[in-house]
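Residue numbers for the sequence shown, in my numbering: 43 to 305.
This report concerns only the one structure given below.
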Amino acid sequence: MLIASYFYKSLLIRALSAFFLIVLALFSNYIGSYFFLVTIILVFFILLYEYYQLFSIKILTYIFFFSCLLTSISFFLIFYNFYLLIVFPVILNFIIILIIEKKRWLPYIFPLIYLTFPLYAIVYLNNIVDSGKVIILWSFIIVWSSDISAFLFGKMLKGPKLFPRISPNKTWSGFLCSILFSIIASIIFINFFPIANSFYASLMGFIVGLGCSAGDLFESWLKRINLKKDTSNLIPGHGGLLDRLDGFLFGIIIMFIMTLTRG
43 MLIASYFYKS LLIRALSAFF LIVLALFSNY IGSYFFLVTI ILVFFILLYE
93 YYQLFSIKIL TYIFFFSCLL TSISFFLIFY NFYLLIVFPV ILNFIIILII
143 EKKRWLPYIF PLIYLTFPLY AIVYLNNIVD SGKVIILWSF IIVWSSDISA
193 FLFGKMLKGP KLFPRISPNK TWSGFLCSIL FSIIASIIFI NFFPIANSFY
243 ASLMGFIVGL GCSAGDLFES WLKRINLKKD TSNLIPGHGG LLDRLDGFLF
293 GIIIMFIMTL TRG
């Protein structure tokens, strides 16, 4: 009885937190322009800070400052369609890190790839690609469907563990249901926003759903090797923002690549 009560209370907290994040994400994506850009920059600041906390990395003021500043500049370059120029702030950022932290530079450089490239993709899609806002919404729908179905059906059906050494709570039932509902959600979505046919929607649901699960497992592995349960306690019921966006960081990259290759 107590376990069931705790489960439903936890589910309610997760649902309320998720609802707030969903509204913010949809509003930012719809409004676009500078509001969206500032939101993405703030998200990067939080993700970078949480990453440092996850790895117990000393937040060196100069590195954190220059990483935030130069990454913000690169976001503005993409926003104004000078995306080819982002190579300059990116390289400069790497050089500054190598100068300041000669021996332990990798933990400072890795998040500039892991965190920034998905955010570059979302800024590019939102501001430059035709139907980009709809594509971002499509990504959100698939990722949310994957996350919710994996959590609910994993709890209800249970069964064999997916990768117990990495994430002991994830099950094969939750994983398979997440893929199934990613495909279903993708097909339903294109019936409201006809930007693709059913086959392509099924393919996107499958691949992005896989990417979402991979991103979730990857972040679980990062937490596992650092002996951490969450990246922070920023979001009630979810942990940190990085905990909430782990699958999306992989999913949006896949959606971005598929969009560019589709033409």
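Positions of the beta carbon are idealized from the N, C-alpha and C atoms, including for glycine.
Fair warning: this is a prediction, and the values are worked out from it, not measured in the lab.
For this session: Starting from the Cα of Leu32, find the closest Cα among Thr303, Ile296 and Leu284 and give me that residue.
Result: Outside the displayed span of the chain (43 to 305) sits residue 32, for which this structure offers no information.
Problem set entry | Reference Leu96; option with closest CA among Leu291, Arg266, Ala192 and Ile295 | Arg266
Exercise. Hey, Gly196 and Ile225: beta-carbon distance below 8 Å or not?
Worked result: no
Exercise. What beta strand (DSSP E) runs, 3 residues minimum, are completely inside the stretch 172-226?
Worked result: 203-205 and 209-213
For this session: Identify whether Ile306 lies in helix, strand or coil by the three-state DSSP scheme.
Result: The shown model of the chain, from 43 to 305, leaves out residue 306, and the question about it has no answer.
Exercise. At a cut of 8 Å, does the stretch 108-126 reach the stretch 77-88 through at least three beta carbon pairs?
Worked result: yes
Exercise. From what residue to what residue does the alpha helix (DSSP H) around Gly293 run?
Worked result: Leu283 to Arg304
For this session: For Met198, count neighbouring C-beta atoms within 10 Å of its own C-beta (all shown protein chains included) and say buried if the count is 16 or more, exposed if not.
Result: exposed
Exercise. Leaving out the 5 sequence neighbours to the left and right, which residues in its chain are closer than 6 Å to Gly247 when beta-carbon positions are compared?
Worked result: Ile184, Ser224, Ile225 and Ser228
Exercise. So, helix, strand or coil for Leu44, using DSSP?
Worked result: In this prediction, Leu44 scores a pLDDT of 48, lower than 50, which makes its location untrustworthy; the coordinate-derived value is nonetheless stated afterwards. Leu44: helix per DSSP, three-state reduction.
Problem set entry | Segment contact, 8 Å Cβ cut-off, at least three pairs: the stretch 162-170 with the stretch 112-122 | yes
For this session: Just the C-alpha distance for Tyr48 and Asp189, rounded to the nearest angstrom, thanks.
Result: Confidence at Tyr48 is low in this model, with a pLDDT of 49, below 50, so its placement is unreliable and the value that follows should be read with caution. One C-alpha to the other measures close to 20 Å.
For this session: Could you check which residue in Ile178, Ile99 and Leu90 has the C-alpha nearest to that of Asn71?
Result: Ile178
Exercise. What is the DSSP secondary structure of Pro236, reduced to helix, strand or coil?
Worked result: coil
For this session: Find the nearest neighbour of Phe234 within the set Pro131, Thr273 and Val176, judged by alpha-carbon distance.
Result: Val176
Exercise. Hey, out of Pro131, Tyr162 and Ile99, whose CA is closest to Glu143's CA?
Worked result: Ile99
Problem set entry | Close Cβ partners of Ala310 (< 7 Å) along its chain, the five nearest in sequence each way excluded | Given that the chain is displayed from residue 43 to residue 305, the structure contains no residue 310 and the question cannot be resolved.
Exercise. Taking the alpha helix (DSSP H) that Leu134 falls in, what are its first and last residues?
Worked result: Val129 to Ile142
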